[in-house]
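Data block below; observations after.
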Amino acid sequence: MTAPEWTMRQKSILVLCALAIVLDGFDTQVIGFAAPALLADWGITKAQLAPILGIGLFGMSLGAAAGGYVGDRLGRRFGMIGSTVLFGIATCAMAGAHSLIELGAYRFIAGLGLGGALPIAAALVAEITPAHRKSLAVSISIICIPVGGIVGGLLAAPLLPLIGWKGLFAIAGSLPLIVAVAHVFALPESPSYLETRAARMADAGDAKRTDRHQSWQHERFFHALKSDDLLSDTFVLWAAFGASLMSGYLYFNWLPVLLADAGFQLSATSQGLLAYNIGCVVSGIVVGAIASRVGTRTPLLLLSGFAAAGAIALMLVPPTPDRSALLMIALAVQGFCLGGVQPLLYALAVHVFPPHIRTTGIGSAAGVGRIGAILSSALGAATLAWGASSFFLAIAIAQIGCALCILAIRRHDRGSTPQAAG
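With my numbering, letter number 243 in the sequence shown gets 686, and the count goes up by one each step, no holes.
In structure tokens:
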């Protein structure tokens with residue numbers, strides 16, 4: 444049987460979502476790029492900066508969970524536009540912050556939008572893409588996070604010495620607002636959501652029945668988690684997200700600081716994160732295509748295993764300026780491994796959760812997984828106080844845990860058939 448065609452219209456929707464996620468990635472990582480300059484400008488310590496990173500990641504956790512609910516209740520289009528506007532405005536506001544409390548408040552608000560955009564985009568892309576291209580399309584959208592990191596690295600290296608961290612925040616916040624305007628005019632609603640809403644409205648005979656139906660809609664995700672075929676996979680998936688996000692945000696938020704402590708110049712600290720993000724992008728493209736054919740289990744196990752091995756290698760040979768070329772290669776390889784795990788976990792989540800709770804399910808995994816990202820703010824400050832080797836050891840342990848979780852999940856995508864969307 445011939446698989447459905449992946450149309451230009453469907454691809455254009457993928458591009459629109461991808462643009463927002465590129466800027467989500469830029470704004471997520473911008474505080475990491477700015478951290479060395481911010482620490483120097485305000486004369487604060489890494490321990491003082493850690494709560495700012497943590498409150499932003501806490502906002503992202505809440506945003507991921509709330510974004511999933513908004514996407515299921517009010518629509519993918521509304522959620523996508525609202526999230527993008529929110530993190531754009533709040534990141535702009537960070538440029539005017541005059542204290543750690545003010546900076547933290549703006550970062551928390553930005554985090555709500557940053558966390559919400561990703562699960563909504565993943566669900567929308569999955570629902571407008573033919574089943575045999577679903578893993579590839581979701582992976583392409585999610586790897587836009589490191590694409591945003593590349594954009595940030597390319598901008599931060601030359602601009603930070605010229606316009607400072609405040610100017611970088613202003614640029615990072617302005618770009619999402621432009622994309623949000625394009626979404627208003629060009630982003631359609633998900634057909635799956637429209638069908639669900641039509642069925643819900645047809646079933647509602649009066650306001651009281653509608654309220655009862657909406658209450659059932661709100662509770663159905665929690666009922667689904669109690670079913671025998673979803674409960675264990677959901678909990679283990681949450682743990683895998685947590686381990687993966689902890690590793691990724693240790694790099695995103697603390698790698699420039701680690702390199703600055705090791706004696707690298709300000710521009711070189713941005714280049715280290717740039718190399719890591721390049722590896723992430725290459726991995727997402729290659730691994731997404733492979734997973735569309737062979738499924739998610741084997742690629743996820745290989746990538747998490749090699750990520751652990753690479754982190755152990757960096758632990759044994761800490762970074763120094765005289766080994767900068769070798770370090771950039773090693774960071775790109777780490778990016779390839781870790782950057783491949785995260786989008787495949789989102790693709791896996793699409794297959795774990797059925798359509799009627801998919802956005803909420805993806806949001807729950809991203810939201811609960813953000814606990815690992817939140818912990819990375821304190822863990823990064825603590826491990827860097829002990830030295831670079833401790834930093835890389837923490838990443839190795841997290842990736843070993845991620846591999847064990849992947850082994851335990853039953854509902855993996857098994858390959859490239861239209862029915863694989865499950």
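Note that CB positions come from ideal geometry on N, CA and C, so glycine has one too.
- A distance of 9 Å or more separates the beta carbons of Gly554 and Gln472.
- DSSP places Phe707 in the coil class of the three-state scheme, outside both helix and strand.
- Look at Ile498 here: in three-state DSSP terms it is helix.
- Secondary structure of Gly518 (DSSP, three-state): coil.
- Cβ-Cβ distances below 8 Å link Pro742 to Val730, Ile733, Ala734, Gly783 and Leu787 in the same chain, with the five nearest sequence neighbours on each side left out; the list follows chain order.
- Of the residues assessed, Thr450 falls on the exposed side of the cut-off, its CB having fewer than 16 other CB atoms within 10 angstroms.
- When C-alpha distances from Pro601 are compared across Ala792, Val458 and Leu717, the shortest belongs to Leu717.
- By the CB criterion at 9 Å, Ile721 and Ala754 fall outside the cutoff.
- Remark: C-beta atoms of Gly511 and Gly806 approach each other more closely than 9 Å.
- When Cβ pairs closer than 8 Å are counted between the two stretches, the stretch 494 to 508 is seen to touch the stretch 810 to 818, the count reaching three or more.
- In the structure shown, Ile852 falls within a coil segment according to DSSP collapsed to helix, strand and coil.
- Of all alpha-carbon atoms in His575, Phe796 and Phe695, the one lying nearest the alpha-carbon of Gly499 is that of Phe695.
- For Phe628, the number of other beta carbons within 10 angstroms of its own is below 16, and it is reported as exposed.
- For a cut-off of 8 Å, the C-beta gap from Gly514 to Pro562 is around 7 Å, short enough to register as a contact.
- Taking a contact to require three or more Cβ pairs closer than 8 Å, the stretch 541 to 548 and the stretch 835 to 843 do not qualify as touching.
- Inclusion of Ala750 and Leu701 in the CB contact set at 9 Å is not warranted, their separation being larger than that value.
- The alpha carbon of Ala816 has as its nearest neighbour, out of Tyr719, Leu459, Ile585 and Met503, the alpha carbon of Met503.
- Annotated as proximal: Gly497 and Ser820, with beta-carbon spacing under 9 Å.
- Per the C-alpha coordinates, the member of His794, Ser690, Val725 and Ala533 positioned closest to Leu818 is Ser690.
- Close CB contacts of Phe796 within its chain, under the 7 Å cut and outside five residues either way in sequence, are with Gly804 and Ile805 (chain order).
- Taking a contact as a CB-CB distance under 8 Å, the pair Trp681 and Leu827 does not count as one, their CB atoms being some 27 Å apart.
- Minimum Cα-Cα distance from Ala560 among the listed residues Ile852, Ala478 and Val528 corresponds to Val528.
- According to the DSSP assignment, Pro742 belongs to the alpha helix (DSSP H) that extends over Arg740 to Leu759.
- Boundaries of the alpha helix (DSSP H) harbouring His794: Ser767 to Val795, taken from the DSSP string.
- In the three-state reduction of the DSSP assignment, Ser542 falls in the coil class.
- Taking every protein chain shown into account, the CB of Ile571 has 16 or more other CB atoms within 10 angstroms, so this residue is buried.
- Distance check between Gly522 and each of Val725, Cys460, Leu769 and Phe501 places Cys460 closest, using alpha-carbon atoms only.
- Here Arg801 is buried. Its C-beta has 16 or more other C-beta atoms within 10 Å.
- Residue environment for Arg736: exposed (fewer than 16 other C-beta atoms within 10 angstroms of its C-beta).
- It is roughly 19 Å from the alpha-carbon of Leu769 to the alpha-carbon of Ser726.
- In the three-state scheme derived from DSSP, where H, G and I count as helix and E and B as strand, Pro634 is classed as helix.
- When the Cα atoms are used, Ile532 and Val679 turn out to be separated by approximately 35 Å.
- In the three-state scheme derived from DSSP, where H, G and I count as helix and E and B as strand, Pro601 is classed as helix.
- In the displayed model, Pro573 falls within coil according to three-state DSSP, outside both helix and strand.
- Relative to the Cα of Ala477, the nearest Cα in the group Leu579, Leu611 and Cys535 belongs to Leu611.
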